[in-house]
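Chemist:
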Amino acid sequence: MTDGASVLNGVNFEVGRHDLRQSRLTTEPIDVAAAVAAGKAVLALDHFALTANNITYAAFGDQMSYWDFFPAAEGFGRIPVWGFADVVASGAEGLAVGERIYGYFPMSSHLVVEPGRLSPKRFVDLSEHRKNLPPVYNVYERVAHDPAYSRTGESAQMILKPLVVTSFLIADFLEDNGFFGARQVLVSSASSKTSLGLAFCLKRLAARDVAVVGLTSPGNRAFVEEVGYFDRVVTYDAIGGLDATVASVYVDMAGSAAVLTRVHERFADRLVYSCRVGGTHWEGLAGRMDLPGARPKFFFAPDQIAKRHGDWGPGGLEQRFAGLWTELSASVDSWLKVEDHHGPAAIKAAYHDTLEGRVSPATGLIMSLKP
Ligand SMILES: NC(=O)c1ccc[n+]([C@@H]2O[C@H](COP(=O)([O-])OP(=O)(O)OC[C@H]3O[C@@H](n4cnc5c(N)ncnc54)[C@H](OP(=O)(O)O)[C@@H]3O)[C@@H](O)[C@H]2O)c1
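Mapping the sequence shown onto this note's numbering, position 67 (from 1) lands on 70, and the numbers just tick up by one.
1. I want to know whether the region 232-243 touches the region 165-181 - three or more CB-CB distances under 8 Å.
2. Measuring straight from C-alpha to C-alpha, what distance separates L208 and V10?
3. Please say whether F226 and A1 have beta carbons closer to each other than 7 Å?
4. Which value, in whole angstroms, describes the spacing of the CA atoms of V146 and G200?
5. Sorted by chain position, which residues of the same chain lie with C-beta nearer than 6 Å to W338's C-beta, five sequence neighbours on each side aside?
6. Span of the alpha helix (DSSP H) holding K124?
7. Could you tell me how far apart the beta carbons of A42 and A92 are, in whole angstroms, since I believe they sit closer than 8 Å?
8. Which residue or residues does DSSP assign as beta-bridge partners of Y105?
9. Quick one: give me the first and last residue of the beta strand (DSSP E) that A297 is part of.
10. Under a criterion of Cβ closer than 6 Å to any non-hydrogen atom of ligand 1, which residues qualify, in chain order?
11. Within its chain, find whatever has a CB closer than 6 Å to the CB of V162; leave out the 5 residues flanking it on each side and keep chain order.
12. Any idea if E77 is buried or exposed, counting beta-carbon neighbours within 10 angstroms, 16 or more meaning buried?
13. Rounding to the nearest angstrom, what Cα-Cα distance links G156 and D336 in this structure?
14. Would DSSP call Q307 helix, strand or coil?
15. So, at 8 Å on beta carbons, what are the nonlocal neighbours of T357 in its own chain, with the 5 sequence-adjacent residues on each side left out?
16. Does the region 74-89 come close enough to the region 118-128 that 3 or more CB-CB pairs lie under 8 Å?
17. Candidates L372, A333, R361: which alpha carbon is nearest D350's?
18. Please work out which residues of its chain come closer than 6 Å, Cβ to Cβ, to P299, disregarding the five sequence neighbours upstream and downstream, and give them in chain order.
19. For A214, tell me which candidate among E178, F126, S220, T197 has the shortest Cα-Cα distance.
20. In angstroms, rounded to a whole number, what distance separates the CA positions of R154 and P109?
What follows is the structure, given as structure tokens:
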């Protein structure tokens, strides 16, 4: 089944794997007839979200195999993004041309997938090169069967859902562990959508009186205060003025060695848990460091998912997340400004702005390679 041409002209946005400031557009023919004959499907990417999270995929591209999802020529990489696509050709039994799909894509006009394990709600890309990669990224949702889906909700889903699932799981993990005895949670890159989502979830899940303090750069302080999800907002240069007697947890979204050191040195043995999550400050990332206080530990979402599936049974976690998602997606209307940009030149500009931290935290970028 196809909707027309037997060879398509694919367009890709690529970056230098070891120099993220290098970027280029490439084209390649996609042999639709061969893909269909082999039982594959061709997805045409309609639009996708771009945030610091995608830059972090690139910064950790080698270390965490993010370059391996969508291979490019030697020295270059295709950064993964979350987006919506349409099936434009399909040789896969049960997957029709015209279906709308949500999932993990390169910043490319098209993606050829090998659909398998089809159910009404989803399929898995069984392409050989993806077999050993984390399964969560290989799942494609068939939106016609998602009762929560709406066309108008696509932007919020692309921009926020992949981020706030993690926010929710971190909040749940901390609450589940009694906040390790802490009375406050410090969160870096407080202006990021993931950190704002975390503050939102913490305020709803925290059974105890735990203060949620956002750490941010001076230029983003007013924005974080206006959103109002954090109890307090402190700039990075004022960490030395925080009350170091309060038992604290640090959730590190910035990944910055300088901020991590400042927090650990300030709180020392009153820092009862140090949770590493993100790397928005991708140029000054912390490695393994000998610091006072709890040893920094990477957050591994699948562990908390597995624990809660055990605690709550099938669907329990999903149901709790769905409740928070409904509340959060209504709340973001007051501060999230979605911007739609079209065409390869716009993607290049938006990528470099995101890389250099020039995008306002209030902005949610939706990009499309289509003119
Ligand atoms: N491990 C996981 O499973 C997981 C899941 C979701 C997200 N995350 C991580 O959470 C982090 C936040 O992602 P997001 O998409 O929510 O971010 P976002 O909303 O795009 O965050 C923007 C903020 O990040 C900081 N920032 C961005 N670029 C910067 C630069 N070049 N230099 C310095 N600061 C910069 C600034 O915050 P400040 O001024 O406040 O520092 C900026 O306001 C990412 O590192 C992401 O990878 C991890």
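C-beta: ideal position from N, C-alpha, C; glycine also. On a predicted model such as this, the values are computed, not experimentally measured, just so you know.
Modeler: Considering the structure as presented:
1. no
2. 52 Å
3. Residue 1 lies beyond the range of the chain shown here (4 to 374); nothing can be said about it.
4. 24 Å
5. V230, A365
6. Element bounds for K124: n/a, residue is neither H nor E.
7. Per the sequence shown, residue 42 should be read as Gly rather than Ala. G42 to A92, Cβ: 12 Å. No contact.
8. F87, E144
9. No beta strand (DSSP E) holds A297; DSSP gives it neither H nor E.
10. T54, A55, N56, T59, L166, T169, S192, A193, S194, S195, K196, T197, T219, S220, N223, M256, A257, V280, G281, G282, T283, H284, A304, E359, G360, P364
11. According to the sequence as given, residue 162 is Ile; it is not Val. So the qualifying residues of the chain are A52, G367.
12. exposed
13. 12 Å
14. helix
15. L53, T54, A55, N57, I58, L368
16. no
17. Inspection of the sequence shows that residue 350 is occupied by Ile rather than by Asp. Here the closest residue by C-alpha is L372.
18. S277, R279
19. E178
20. 21 Å
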